[in-house]
Structure formats: structure tokens, C-alpha cells
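Residues 22 to 305 in this note's numbering are what the sequence shown spells out, letter by letter. Each residue gets a CB set at the ideal place from its N, CA and C atoms; glycine is no exception. The model shown is predicted, which means the values in this text are computed figures rather than measured ones. Here the structure is laid out as C-alpha cells; the discussion comes afterwards.
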Amino acid sequence: MTQDDTDTIPNSDEQQARAQCRVIAVVNQKGGVGKTTTTVNLATAMAAVGKRVLVVDADPQGNASTGFGLSRADRGLGSYELMFDGMSVEDVVTQTPIPGLAIITSSADLAGAEIQLVNSEQRESRMSAALNRSAKDYDFILIDCPPSLNLITLNALVAADALLVPLQVEFYALEGISSLLQTVEAVRNRFNPDLEIQGVVLTMFDKRNGLSEAVASDVRAFFGPQVYETVIPRNVRVSEAPSHGKPVLLYDLKCPGSRSYMHLASEFLRREAERAEAIAAAAA
Ligand SMILES: Nc1ncnc2c1ncn2[C@@H]1O[C@H](COP(=O)(O)OP(=O)(O)O)[C@@H](O)[C@H]1O
Ligand SMILES: [Mg+2]
């Protein structure tokens, strides 16, 4: 065993801290389904109720970083350096203007990461190693994944305890879900046996579109109780907020989009609390 190996083995304090932090990958390989919007606003709503939250912007497009007002020029070290330069979360983290909410921004170099990872050692567990070491500082770590099932997404799935899957309410909502589920199964078999689906959230629901109800009930039939009761409506305020560098919760707290993300956060936290109680009861 080399010195490097011993550095990556967590001690018991670190293991305990890791068990108390929940790492959630927000994933769907389709673009434009609401991953980033859900990450940014769920994180904001949880920070608002006192949770210590870290967002990891793992998409080279950097929309989560921009969504918190961090333009490319404002970004220094980020998720690329976390995965490749052996830097720790503390080295690369940026505080957002929201108390209790920090972000690891997407770095410009992340776009080339995919190619570099192909030939690197432990290519699937780089994010996991880095996040595990800093788990003590956070209650929740939300990873905003890129729109593809690539090696960066694989790193997120290996690092995560559970997945949150946003599905846009549209005719093709379930398209691609079987490849996502196959990927999850493969990750469970090889790297991360405990990976769960935390929930599925329906986004951009349009009540004027006659198809919306039908699509939503198809998704509920497919995923059952994994689907959140809270449905995120299509709301223009949600789409305006990023251009102001703000989560919609700060841009217009009273709009339907903000209300729905606050509902989602309370449903999410309730689900998390029930899960923790079930584990405690099983251990007792
Ligand atoms: N509930 C919503 N109502 C209106 N527009 C939305 C809503 N959710 C997301 N959008 C917009 O849809 C686009 C795609 O959303 P985004 O969260 O970036 O998806 P992804 O991260 O999956 O690619 C963005 O322009 C976003 O502002
Ligand atoms: Mg995105």
C-alpha cells in the first residue's frame, strides 16, 4: 500500500460523517428536462430551512453556476480541479450569496474531462473520493449532471447515495429511461451497491396542454410512489430567473414555480427523514 492509498481510506470519523451526509445526483441524460433548475431551487429551499448544502456543477455548460450568479469570469477552480488535480472540496468551493449554500462551479476545462478520464486510474471514483472527505461539512450534496450518460455522470452515480430524476411532462417523457435504469443497475453491480432512486419529479407541467395529465399518469404508473406528489408547473418566472443570476426563489418568491419548489423541498426532506427513521428503527 502506498502513502497515496492510505490517504484515500477514510477514518472512522470520516465514515460516520459521510453516513450523515446525503449525496444526491440529479440525473437524466436528456437535456432541457429541468435538472439544473431543480438542483438550484431545491438547494436554495433546503438552505433556507437551515440545511448545509453543497451544489456540484458537473455539467461543462455550467448552468448551475450561472444560475447562482457566477458567470464564467467569476469562476476559478471548480469540479474539474476536484476530479483531476487532487484538490479537496475546501480548495475549490465558492460560497453563494445564499447563507448555508456553497457551490463547486463548473470549470472551462471540464469539457475535456471526459477524454482525460478514459485513460485515468480509478476513473469512475474520483468525485466520490473527493466528496467523501468533505461530507462532514454538509447535510446534502446535490450533483447537477450533464445531459449524457458519460464518465462524468458515472462519477456522480458512483459518488451518490441516491438519484433524483427530473422528467419533463411531454410526450417523450419516459424515452431513454430504460437506458438510465440499466446504467443504474450496472453501477450498483460494479461500484455502488446501495445506490437508490430517491425520487422522480415531474417538471414543466402545462395544465393547458391536454396531454400533460395523461403523461403524468403514465409516469406514475411506471414509477409508482417514487414519483413526488409535487409537480413543477411550467412558469415563465422560472425560465427568467437564471438570466438574473438568481434561483427563482430569490427572483420571485411568490410565483407558482417558487411555491412548487418549496413544496418539493418539504416533500424531499420528509422522505429523507422517513428514510433515516426507518434505518434507525432497523438498527435498534
Ligand atoms: N418549471 C419551468 N417553467 C418554465 N421553464 C422552465 C422550467 N424548468 C426549467 N425551465 C427552463 O427550461 C430550460 C431547461 O431547463 P434546465 O433546468 O436547464 O434543464 P437541464 O438541466 O435538464 O438541461 C431552461 O431554459 C429553464 O430555464
Ligand atoms: Mg443542466
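Can you list, in chain order, the residues of its chain whose CB lies under 8 Å from that of residue i, leaving out five sequence neighbours each side?
| i | result |
| --- | --- |
| alanine 304 | none |
| leucine 172 | Ala134, Glu135, Leu138, Val139, Arg144, Glu145 |
| valine 110 | Leu75, Leu103, Ile125, Ala151, Leu152, Arg154, Ser155, Asp158 |
Whose CA, out of the options, lies closest to the CA of residue i?
| i | options | result |
| --- | --- | --- |
| serine 128 | Phe243, Asn210, Val77 | Val77 |
| glutamine 116 | Ala134, Tyr101, Gly97, Met104 | Gly97 |
| tyrosine 159 | Gly99, Pro167, Gly121, Thr57 | Gly121 |
| serine 281 | Ala183, Ser86, Thr59 | Thr59 |
| glycine 90 | Arg211, Ala40, Val269 | Val269 |
| valine 70 | Phe105, Glu35, Leu290, Ala132 | Leu290 |
| leucine 131 | Gln82, Arg209, Pro246 | Gln82 |
How long is the line joining the alpha carbons of residue i and residue j, rounded to whole angstroms?
| i | j | result |
| --- | --- | --- |
| aspartate 26 | arginine 292 | Any answer about aspartate 26 is weak, because its pLDDT of 48 lies below 50 and its placement is not dependable; what the coordinates show is given next. If I take the Cα positions, the gap works out to 36 Å. |
| glutamine 24 | arginine 144 | Note that glutamine 24 scores 45 on pLDDT, short of 50, meaning its location in the model is unreliable and no value can be drawn from it. |
| alanine 312 | alanine 94 | For residue 312 there is no data in the structure shown, the boundaries of the chain being 22 and 305. |
| methionine 22 | glutamate 142 | Reliability fails at methionine 22, whose pLDDT of 41 lies under 50, so the model's placement of it is uncertain and the value that follows must be treated cautiously. Looking at the two C-alpha atoms, the distance is approximately 16 Å. |
| asparagine 230 | valine 236 | 10 Å |
| phenylalanine 212 | alanine 40 | 17 Å |
| threonine 87 | aspartate 80 | 11 Å |
| leucine 175 | alanine 302 | 32 Å |
| serine 199 | arginine 258 | 32 Å |
| phenylalanine 244 | glycine 99 | 34 Å |
| asparagine 62 | methionine 225 | 14 Å |
| aspartate 215 | phenylalanine 105 | 25 Å |
| glutamine 36 | alanine 85 | 29 Å |
| valine 208 | leucine 163 | 18 Å |
Keeping to the same chain, check which residues put their C-beta closer than 6 Å to that of residue i; ignore five residues upstream and five downstream.
| i | result |
| --- | --- |
| lysine 157 | Ala38 |
| tyrosine 272 | Ala262, His265 |
| glutamate 288 | Tyr249, Thr251 |
| glutamate 102 | Met108, Val113 |
Check whether the Cβ atoms of residue i and residue j sit closer than 9 Å, and answer yes or no.
| i | j | result |
| --- | --- | --- |
| valine 252 | valine 222 | yes |
| glutamine 189 | valine 74 | no |
| proline 254 | lysine 228 | yes |
| arginine 43 | alanine 183 | yes |
| aspartate 165 | alanine 194 | no |
| valine 186 | isoleucine 218 | yes |
| glutamate 320 | leucine 152 | Within the shown structure, residues of the chain are numbered from 22 to 305, placing residue 320 beyond reach of any answer. |
| leucine 285 | valine 48 | no |
| alanine 46 | alanine 181 | yes |
| glycine 220 | asparagine 256 | no |
Going along the chain, which residues of its own chain have a beta-carbon closer than 7 Å to the beta-carbon of residue i, five neighbours each way excluded?
| i | result |
| --- | --- |
| lysine 51 | Pro168, Gly197 |
| isoleucine 119 | Thr65, Ala68 |
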